[in-house]
Every structure is written in structure tokens, then in C-alpha cells.
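Here is the structure we will look at.
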Amino acid sequence: MTGLAAILPGLRLLFAMAILAAVWLVVLPAIGRNPAVDRHVRLMESRDVNPAAMVYTELEHLPLRPAWIESHLVLWPTGN
Amino acid sequence: MAADPGADARRGGLHEDSAAILIGVALVALALSIGWSGRPTVDAGSRKAFPKGWPNPLAATIDKPQTWSEAPKQALVVVDKKDPSKVKPVSIPILLGMTWVVGVLAAGTLMRGRSLPAVIPGAVLLAILGGLAYLMAAQKVINYYNLEYPLWALLVGLVIGNTIGVGKWLEPALQGEFLIKAGLVVFGAEVLFSRLLELGLPGLLTSWVVTPIVLVVTYLFGVHWMKIPSKSLCMVISADMSVCGVSAAIATGAACKAKKEELSLAIGLSLLFTVAMMVVMPPFIQWAGIDPIVGGAWLGGTIDATGAVVAAGEMLGKQLDDKRPAEVAATVKMIQNSMIGIIAFAVAVYWAGWVDRDASGPKTSLVAEAWRRFPKFILGFIGTSIVCSWLFTTSPELALLVDGAIQGFTSRLRGWLFCVGFVCMGLQTIFRELAPTLASGRPLILYCVGQALNLALSLAMASLTFGWLFKQVVTP
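First to last, the protein sequences are chains A and B.
Here the first sequence is numbered in the working numbering, starting from 624 and rising by one per residue.
Here the second sequence is numbered in the working numbering, starting from 952 and rising by one per residue.
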């Protein structure tokens, strides 16, 4: 293996890491300052919504039966 | 996710599935017993007093990076929403979270009769890479547009695997399938059957009628009409699109022994469509004049990811100044979440009994053959689900115990196990193998066709149940 071939994988990794760092540290923060994106983020934060939740247990608030249909549906003992 | 987990048994250790079951069940039992030992003495059965269940002492031992916008160091503190000057550092719980993953890998290694010293250095590196993936997923733009951590865990693994490759010293620690199986057994605690009835009959009909139909039709369309060679790819795409995105893809992918590349592809497709649907559907519902509750049920039944469903419901609710769409959307999606166990079990039975059958092999009974091929860890997944569902319905106190154990510990641990599992998958993924299928565009077409059917049937069922048959029940 020649000298260049030996260090090529490392250079590729460094290049990929540089791109990822630029995206996460420069591009995404800049996108986050866009008014429309900022509005979306603020709306989600103000409502305690975690859009990245994979399942309901990762949500900030458990989606229990809505209070406005509680009187119609009594199925399980979920507390007082 | 296909491998040879039986090799461990031949070495004198436990089978991979048995180790995953034992570790997963032990962790759930630990969370429940520690939660019980610290039970509150006042208002123990009051959900108003404990909206997230009883506080679980294990919560202090595990966390993940918090959302950040400008500098990654913001991910290491929790800022009080009411008083931003109050901050709580979470570096230690994050480090402990990584330690739990190393511990699970170490315990699994010992149970499977493998060399522990050979695994530990790699396990530590994988846990750090999992932390990096979580940090990437916590960037606010990424987080609030629902690009979940599995995508970044795969990316981290792919970047390393396709540049410097995987060193020999790291190979013993690359136990992605084991981590995902153990994570699924722990995940079973979150799949509570009792949640299925949270919205009564209308919620049940919207989820239980449409979801299985869409899943089966999409799968059959992919296999028989589009002639996609890999049945497991068709199943994973069908499940993540029709049930609940990434979590369903992981569970069914493990049940039908899908390849790593297939699972990665299905998750990528699901997340891209989720972002688009989350942004487009709320304004469309408003533009089309669809009833807000029907619209909420439609969002819950169609958008893949749970968080994105709630986000879309909130966006719709804000446009209409009505909180009901978000509530209905979230609850319908939660009902779909609760179906994962049953769907994964059904897929595992179908795969073991019919798809994987070796026609040229020795003639044994269908049941014996199916049992031999059945992925046994699914029994652990179903087992923790049944036990926690039973506890949940036994009394208000035990319901709060289960919720506290899930919210405080098992859900976070499951996230770490999946995250590091996906890093392993990324490191081992060879996308070249999928190149012919990808180039044909057939997975994308299958997803689009299935989602179109899902959108049509879900709207029809939501209109029928929430908009007509049970309209009075869901009207305040």
C-alpha cells in the first residue's frame, strides 16, 4: 500500500466529519433562525410538543383520553 | 437483520434471543421493583398528583442530550421553562445512560459465552457514537421537524464504516441485532394493550380496521404485483407506513429477519415522508374544510411517527384555535403504538410458518417447523407487554407505577439500546447490496401506493366513525 493509499481512508473520514460539523454547527443554526422555522419551533416549544418522539411514551404529556369525551367513555381505572 | 444467533448456543452460551429476553425482562422488573420501593405515601393513586406516574429513582441514572440550537454544549443542561435562569446539568445521567448500554452489552456477552475483554473497548466506543447520534438528533431544526435519532445513528455508522471501515478490535462489540432485540423486550413495557381502548370504539375502528388492511394489501402489492424480490423489505415498508413508523419497522424487521440495509431504507423513506406529511396535511385539512376531530383522527392514522402526529395536530389546532385535533390525533396514534406487539407477533408467526419454510427440507409438522424458526425474543416482547398491561389495569396505583417506570427508565433505556443498535447497523450496512432494488425505484413506489391507500381508507374510516356514527360521543 502506498503512502497516499494508506492515509486515504482517514482523509475521507476527516472530510466527512468536516461536512457534518459544518452542517450541524453552521447550516442548521442558520436555518433555525429563518422566521418560518423559528415560528414552528416556538409553537412546538410553547405547546410542550416533542415532534421527535418515536412512541407516545416519549411525548411531554401522555395522550390520555381527552377530558371532553371522558364522561362518555369510562373503560379503565386510570386514576382519580 | 439476518445472522446466525444460534452460533452462541453451539459455543455453550445462551442463544441471542434468550439472552435478550433475560436481560430485557430483568431491566423491566428492576424498574418496577425500584419504583414500588419508592412509592409515594400520599395520593398514590392520583393521576393529578402524578401525571407522569410515580417518580422512579432510576430516572436519575439515565438521560439523553437535550435540544440545542446554536452550540452543542446546550444539550448538556435542562433549562427550566418557567424560569430560564434555572438550569440542571444532565451530563452525568447521559454518561450513565451510555454505561447502561455498555452494561447490557457486557451482560449479553457473558450470557452468550463470549469473551468480555474483547467486547468492552468496542462497547465503550459504540456508546460514545450513540451519544453523538443523539446529540445530532437533538439539534432543534432536526428535532422539531421529526428527523429521529435512528437516522443519525445509521449515518454515524455509515460514515465510519464506509471511510476507515471497522477494525478487528471493534467487531466483537458489533451486536446491533442483540441490542435491538433486548431493546424490544424492554419496549414491550410501553406497549400497553389497555391503551387500545383509550378512545373507545371510534378509535378502535380507525386503528384496528384500517391498519391491518393497509399493511396486508401493501405487502401483497409489493410481493405479487411489483415483484420486489425481498419479501422482508415489502413487510418492513408496509409496517412502518401503516402502523407507526420507525418503532414498527424495528419490531417487524426483527420479526421477519429483514436485512440491515432493508431496515435502513424503510426508516429513511418513512422519516422523509413523515416530515412532508407533517407540514402539508394540517393546511390541507383546513383548506378542505374537514371536521377538526375527523382531521385529527386522519393525522393520527396516517402520519408515521408519533411525535410528528402530535406536532401536526398542534399545527392544525393552532390554525383552527381548537385543541381537540391534537388530542384525537395523539390518542389515535397511541392506539396504533399499542398494536405493535400484536403485529410483530403475527408477522413472526407468518414468517416462521409460511415464508421461511424450506420446502426441500425434512417433512415436519407446520407447528414444529414454525416454532423452530420463530424469533423467540418476540415472546419476551409480548410477555413484558402483557405483564405491564395487566399491572396497568389492576389498580390506579399500579397504573402510576407502570407509567413512572416507563417514563423514568425503560423508555430512555430502550432509546439508548436502539440508538447504539442502529450505529452498529450503520457500521455493517453495505448499501451496494440494495443498489439494484433502489435503482428500480420500487421501494419508493410501494411506499407511495401504500400511503395513498392509507390516506384514503383512514379518511373514510375517520369520517365514518368520528364524523358520523359516533359524532355525538366525541362532541363536547
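Here a beta-carbon is modelled for each residue, glycine too, at the ideal position from N, C-alpha and C.
Show which residues of chain A have a CB atom less than 9 angstroms away from the CB atom of residue i.
i          : result
Ile1111(B) : Leu636, Ala639
Lys1422(B) : Under the 9 angstroms cutoff, chain A gives no residues; its nearest Cβ is about 12 angstroms from Lys1422(B).
Ser1020(B) : Leu651, Pro652, Gly655, Arg656, Val664
Run down chain B in chain order and give the residues with a C-beta less than 9 angstroms from the C-beta of residue i.
i         : result
Gly633(A) : Thr1114, Ile1115
Below 8 angstroms on the Cβ atoms is my contact criterion, and I expect residue i with residue j to pass it. Report the Cβ-Cβ distance as a whole number of Å.
i          : j          : result
Leu1216(B) : Pro1394(B) : 6 angstroms
Pro1101(B) : Phe1369(B) : 7 angstroms
Gly1377(B) : Leu1109(B) : 4 angstroms
Ala1084(B) : Val1055(B) : That belief does not hold up - the Cβ atoms of Ala1084(B) and Val1055(B) are roughly 17 angstroms apart, past 8 angstroms.
Leu1214(B) : Gln1379(B) : Wrong, their Cβ atoms sit about 11 angstroms apart, outside the cutoff.
Leu1352(B) : Leu983(B)  : 7 angstroms
Met1229(B) : Ala1263(B) : 5 angstroms
Leu1143(B) : Cys1339(B) : 6 angstroms
Leu1397(B) : Cys1185(B) : 7 angstroms
Val1279(B) : Gly1251(B) : 7 angstroms
Glu1099(B) : Ala1256(B) : 7 angstroms
Phe1172(B) : Val1400(B) : 6 angstroms
Gly1292(B) : Ile1333(B) : 5 angstroms
So residue i contacts chain A; which residues on that side make the cut at Cβ distance below 8 angstroms?
i          : result
Met1376(B) : What Met1376(B) touches in chain A: nothing, since even the nearest Cβ is about 16 angstroms away.
Ala1319(B) : Here the premise fails: no neighbours, minimum Cβ distance about 35 angstroms.
Val1261(B) : Val672, Asn673, Pro674, Ala676, Leu682, Pro686
Asp1014(B) : Correct list: empty, because the minimum Cβ distance to chain A is about 13 angstroms.
Gly1257(B) : The sequence given here has Thr at residue 1257(B), not Gly. Within 8 angstroms Cβ-Cβ: Ala676, Met677, Val678, Tyr679, Glu681, Leu682.
Glu1265(B) : Leu666, Met667, Arg670, Val672
Lys1003(B) : Leu685
Asn1007(B) : Result: empty, since nearest Cβ-Cβ is about 13 angstroms, beyond 8 angstroms.
Lys1033(B) : Within chain A, no residue comes near Lys1033(B); the closest Cβ sits about 12 angstroms away, beyond 8 angstroms.
Asp1354(B) : Leu685
Under the rule that 16 or more other beta-carbon atoms within 10 Å means buried, what is residue i, buried or exposed?
i          : result
Ser1409(B) : buried
Ala653(A)  : exposed
Ala1190(B) : buried
Val697(A)  : Note on Val697(A): pLDDT 43, under 50, position unreliable in the model; no value is reported.
Thr701(A)  : Because Thr701(A) carries a pLDDT of 48, less than 50, the predicted location of this residue cannot be relied on, and no value is offered for it.
Trp1419(B) : exposed
Met640(A)  : exposed
Val993(B)  : exposed
Trp1367(B) : buried
Ile1045(B) : buried
Gly963(B)  : exposed
Ile1179(B) : buried
Arg1383(B) : exposed
Asp1242(B) : buried
Asn705(A)  : As shown, chain A starts at 624 and ends at 703. That puts residue 705(A) outside it, with no answer to give.
Trp1019(B) : buried
Ala644(A)  : exposed
Trp1051(B) : buried
Arg1063(B) : buried
Phe1417(B) : buried
Ala1089(B) : buried
Pro1326(B) : buried
Which residues in chain A sit within 7 angstroms of residue i, going by Cβ to Cβ distance?
i          : result
Tyr1095(B) : His663, Val664, Met667, Pro674
Gln1358(B) : Thr680
Asp968(B)  : Those within 7 angstroms of Asp968(B) in chain A number zero; the least Cβ separation is about 22 angstroms.
Asp1242(B) : Those do not exist, as Asp1242(B) stays about 15 angstroms from chain A at its closest Cβ, beyond 7 angstroms.
Lys1132(B) : Going along chain A, no residue has its Cβ under 7 angstroms from Lys1132(B), so there is no contact; the nearest lies around 17 angstroms.
Met1087(B) : Trp647
Asp1273(B) : Residues of chain A passing the Cβ test: none, with the nearest at roughly 11 angstroms.
Glu1099(B) : Ala675, Met677
Asn1288(B) : Val678, Tyr679
Glu1141(B) : Val678, Thr680
Listing by chain order, which chain B residues have their CB less than 8 angstroms from the CB of residue i?
i         : result
Pro658(A) : Within 8 angstroms Cβ-Cβ: nothing; Pro658(A) doesn't reach chain B, min ~13 angstroms.
Using a C-beta to C-beta distance shorter than 7 angstroms, which residues of chain B count as neighbours of residue i?
i         : result
Ile654(A) : Val1092
Leu651(A) : Gln1090, Val1092, Ile1093
Leu627(A) : In chain order: nothing, as chain B lies at least about 15 angstroms away.
Give the list of continuous alpha helix (DSSP H) stretches no shorter than 4 residues that lie fully inside the segment 1077-1165 of chain B. 1091-1095, 1100-1112, 1127-1138, 1151-1159
What residues from the segment 975-999 of chain B come within 8 angstroms of chain A, judged by C-beta to C-beta, listed N to C? Gly996, Ser997, Arg998, Lys999
Of all the beta strand (DSSP E) runs that stay within the bounds of the segment 988-1039 of chain B, which reach a length of 3 or more residues? 1028-1030
Quick one: which residues of the segment 1166-1189 of chain B get their C-beta closer than 8 angstroms to a C-beta of chain A? List them in chain order. none
According to a CB-to-CB cut-off of less than 8 angstroms, which residues of the segment 1187-1219 of chain B neighbour chain A? Cys1195, Gly1196, Val1197, Ser1198
List, from N- to C-terminal side, the alpha helix (DSSP H) runs of 4 residues or more that fit wholly inside the segment 1299-1368 of chain B. 1317-1324, 1328-1345, 1347-1356
In chain order, which continuous runs of the alpha helix (DSSP H) of length 4 or greater are located wholly inside the segment 1172-1206 of chain B? 1182-1190, 1197-1206
Quick one: complete alpha helix (DSSP H) runs, 4+ long, within the segment 1232-1304 of chain B? 1243-1253, 1257-1271, 1275-1288, 1291-1301
Could I get the ranges of all uninterrupted alpha helix (DSSP H) runs contained in the segment 1378-1416 of chain B, with 4 residues as the minimum, in chain order? 1386-1391, 1393-1415
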